[in-house]
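Structure, as C-alpha cells:
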Amino acid sequence: KGGENTFTWKYTAPHSTSQWHYYITKKGWNPNKPLTRADFEPIGTVKHDGSKASNNLSHKINVPTDRSGYHVILAVWDVA
C-alpha cells in the first residue's frame, strides 16, 4: 500500500554495510515480461556507517501513493 511502510531485514550472516536502496516498478510496467533495471525507480535510500548491520533491522520507506494494481518493490543491501 502507498504511504509509509516498514521493511525489516533478518540476516543469517551480518556484514559491514554501507547502505540499502529501495525501488518500485514504474507506472505502466508490464508484469508479463521479465523485469529489467529500466522497470524500476528509486523510492528510498538508507545510509549506514560501514559497521556490521544489526539483525532484525527495520527501515521506514515512503511508497508512492500514485500506484494502482500489482507492483514489485526491490530492496538492495550494499555491503561495504
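Heads up: the sequence shown begins at 95 in the working numbering, then just goes up one per residue.
We treat Cβ as the ideally placed atom computed from N, Cα and C, and that holds for glycine.
Computed from a predicted model, the values in this text were never measured in an experiment.
**Item:** DSSP-derived helix/strand/coil call for Ala169
**Value:** Here Ala169 sits in strand by DSSP.
**Message:** Starting from Ser112, trace the beta strand (DSSP E) in both directions and tell me its first and last residue.
**Reply:** 111-119
**Asked** In terms of alpha-carbon separation, which member of Arg161, Asn99, Ala174 lies closest to Phe134?
**Response** Arg161
**Message:** On the criterion of 16 or more Cβ atoms from any shown chain inside 10 Å, does Thr119 qualify as buried, or is it exposed?
**Reply:** buried
**Message:** Counting C-beta neighbours from all protein chains within 10 Å, is the total for Ala147 16 or more, i.e. buried, or is it exposed?
**Reply:** buried
**Request:** Please name the residue in Leu151, Asn126, Asn150 whose C-alpha comes closest to that of Val164.
**Result:** What sits at residue 164 in the sequence shown is Tyr, not Val. For Tyr164, the closest C-alpha among the options Leu151, Asn126, Asn150 is that of Asn126.
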